[in-house]
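Residue numbers (this note's numbering): 1 to 103.
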């Protein structure tokens with residue numbers, strides 16, 4: 001085999017790099033959060049591919065984690081954990097019990 005044939009083969013191998021799918025990167029993200037000590041109630045919300053990076057959002061307790069995963073080598077590039085903003089409730093919620101009390 002000549003050197004040009006070998007170069008062509010290596011070029012085609014590099015060209016056919018298969019990116020991970022959303023399920024794989026979600027699993028990587030949840031495993032990462034488990035290693036950080038967040039073992040319960042992990043609910044993946046969204047996984048999206050932006051250029052060469054997957055962005056995975058995972059909800060747990062009253063927090064949302066955003067994890068950035070490199071699409072080519074599946075490494076964690078960064079993460080951020082934020083507290084969820086609490087929804088403001090009205091001063092007098094209309095539940096069935098409150099409606100019965102009003103009547």
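Glycine included, each C-beta is placed from N, C-alpha and C at the ideal position.
Small disclaimer: the values here were computed from a predicted structure and weren't measured.
At least 8 Å separates the beta-carbon of residue 63 from that of residue 39. Look at residue 80 here: in three-state DSSP terms it is strand. With fewer than 16 other beta carbons inside 10 angstroms of its own, residue 72 counts as exposed. When only Cα atoms are considered, residue 48 and residue 95 end up about 38 Å apart. For residue 61, there is no enclosing alpha helix (DSSP H), as DSSP marks it with neither H nor E. The Cβ atoms of residue 45 and residue 68 do not sit closer than 8 Å to each other. For residue 43, the three-state secondary structure derived from DSSP is strand. Residue nearest to residue 42 within the set 86, 82, 61 and 36 is 61 (criterion: CA-CA distance).
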